[in-house]
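So the protein lines, in turn, are chains W and B.
The numbering of the first sequence is the working numbering, which starts it at 701 and goes up by one.
The numbering of the second sequence is the working numbering, which starts it at 1462 and goes up by one.
Down below is the structure, laid out as structure tokens.
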Amino acid sequence: MTSHSGYTLHHPQWLRRRVSTWWWLSRWRYFKFILREITSVFVAAAVVLLLLYVAALRRGPDALIAFQSWLSRPPILAASAVVFFFTLIHSITWFNLAPKAMKVRLGNIPVPPALIAAGHYFAWLVISLALAWIILTGG
Amino acid sequence: MRRTPIEPILWSLFSAGGMLSALFIPVLLFILVLAPALGWLPAPGYAQLTSLLSHPLARLFLIALCALALVHAAHRFRYTLYDGLQIKHLNELVNILCYGGALAGSVWAIFLLFTRVAEPRL
């Protein structure tokens, strides 16, 4: 509106309606969106868990064993299971969205979205097996 | 949200962190934390883990993973608060806490992995 828009008798009615803070609870689709977005908190928690692990390792063999037995206490185990579950949701939703984020072409032929997602899942599998092997056997 | 020149950089860091954490974090959590705690796998020993981390590339990788995963989480959580809870008036505080937290975590990772303890352990 410019300053020359002139006089109106009544204030124009607002078209915007206040959206509830809990809008994402109203539909499963919305809830799934928030579930996907909230994985960020658990990714951060996972990093903290890994860094606590390294910190215990730095303090020596006894501290490492103490930390490992702390991890198997039921409340800590339950919490880390929740963190693990959400990091899995993060991985799955991330790989499912990958084809939308990257459009790959081989020559002139666009690579089908399912194949891009499958490539990510395959990489996930290979990396997981390789890392498990390295950690469990000591490389 | 106001567009700032740093935004594209943050989005690419978000992407990199999202990809690295999707590929690497579940298996690390499972092998190091969950499976040993449940008794499904033996807990990795001290000598084994220190020898793995004695390689500078392993430590560098772990720092990159932690730092990028934290930036990813900070960026995503900032937007979750913005969209979900609609706390736009606290935008600056949210930004400082999110990115500040990610920075603090990254510095912690660098400290843990690239400084030596008094005795030559790591």
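The C-beta atom is built at its ideal place from N, Cα and C for all residues, glycine as well.
Straight-line gap, residue i to residue j (C-alpha atoms, nearest Å)
{"i": "His1536(B)", "j": "Leu1529(B)", "result": "10 Å"}
{"i": "Val811(W)", "j": "Phe733(W)", "result": "26 Å"}
{"i": "Ser772(W)", "j": "Phe822(W)", "result": "31 Å"}
{"i": "Ala763(W)", "j": "Ala755(W)", "result": "9 Å"}
{"i": "Leu1474(B)", "j": "Gln713(W)", "result": "42 Å"}
{"i": "Ala1524(B)", "j": "Leu1574(B)", "result": "Before going on, a small fix: residue 1524(B) reads as Ile here, not Ala. The alpha-carbon atoms of Ile1524(B) and Leu1574(B) are separated by roughly 7 Å."}
{"i": "Leu673(W)", "j": "Lys800(W)", "result": "Residue numbering for chain W in the displayed model covers 701 to 839; residue 673(W) lies beyond these limits and cannot be assessed."}
{"i": "Gly1506(B)", "j": "Ala814(W)", "result": "40 Å"}
{"i": "Leu1513(B)", "j": "Arg718(W)", "result": "55 Å"}
{"i": "Ala1563(B)", "j": "Phe1485(B)", "result": "18 Å"}
{"i": "Ala798(W)", "j": "Leu788(W)", "result": "15 Å"}
{"i": "Arg739(W)", "j": "Tyr730(W)", "result": "For the record, residue 739(W) in the displayed sequence is Thr; it is not Arg. Each residue's Cα considered, the two are about 15 Å apart."}
{"i": "Ala817(W)", "j": "Phe795(W)", "result": "6 Å"}
As assigned by DSSP and simplified to three states, the class of residue i
{"i": "Arg718(W)", "result": "coil"}
{"i": "Pro1469(B)", "result": "helix"}
{"i": "Ile1584(B)", "result": "Since the displayed chain B opens at 1462 and closes at 1583, residue 1584(B) lies outside it and no answer follows."}
{"i": "Arg1539(B)", "result": "helix"}
{"i": "Phe1575(B)", "result": "helix"}
{"i": "Ile738(W)", "result": "coil"}
{"i": "Pro1503(B)", "result": "coil"}
{"i": "Phe810(W)", "result": "Per the sequence shown, the amino acid found at residue 810(W) is Pro instead of Phe. Three-state result, Pro810(W): strand."}
{"i": "Arg759(W)", "result": "coil"}
{"i": "Ser1512(B)", "result": "helix"}
{"i": "Pro1517(B)", "result": "helix"}
{"i": "Arg672(W)", "result": "The structure shown has nothing for residue 672(W), since chain W only spans 701 to 839."}
Local Cβ density within 10 Å of residue i, reported as buried at 16 or more and exposed below that
{"i": "His1533(B)", "result": "buried"}
{"i": "Met1480(B)", "result": "buried"}
{"i": "Arg736(W)", "result": "buried"}
{"i": "Ala1570(B)", "result": "buried"}
{"i": "Val782(W)", "result": "exposed"}
{"i": "Thr1541(B)", "result": "buried"}
DSSP beta-bridge partners of residue i
{"i": "Arg805(W)", "result": "Pro810(W)"}
- request: Quick one: which residues of the segment 776 to 787 of chain W get their C-beta closer than 9 Å to a C-beta of chain B? List them in chain order.
  value: Ile776, Leu777, Ser780, Ala781, Val783, Phe784 and Thr787
query: Given a limit of 9 Å on CB to CB distance, which residues of the segment 809 to 827 of chain W reach chain B?
result: His820, Ala823, Trp824 and Ile827
message: Short of 7 Å Cβ to Cβ, which residues in the segment 752 to 769 of chain W face chain B?
response: Tyr753, Val754, Ala755, Leu757, Arg758, Gly760, Pro761, Leu764 and Gln768
field: Positions along the segment 1547 to 1571 of chain B whose CB lies within less than 7 Å of some CB in chain W
entry: Gln1547, Gly1566, Trp1569 and Ala1570
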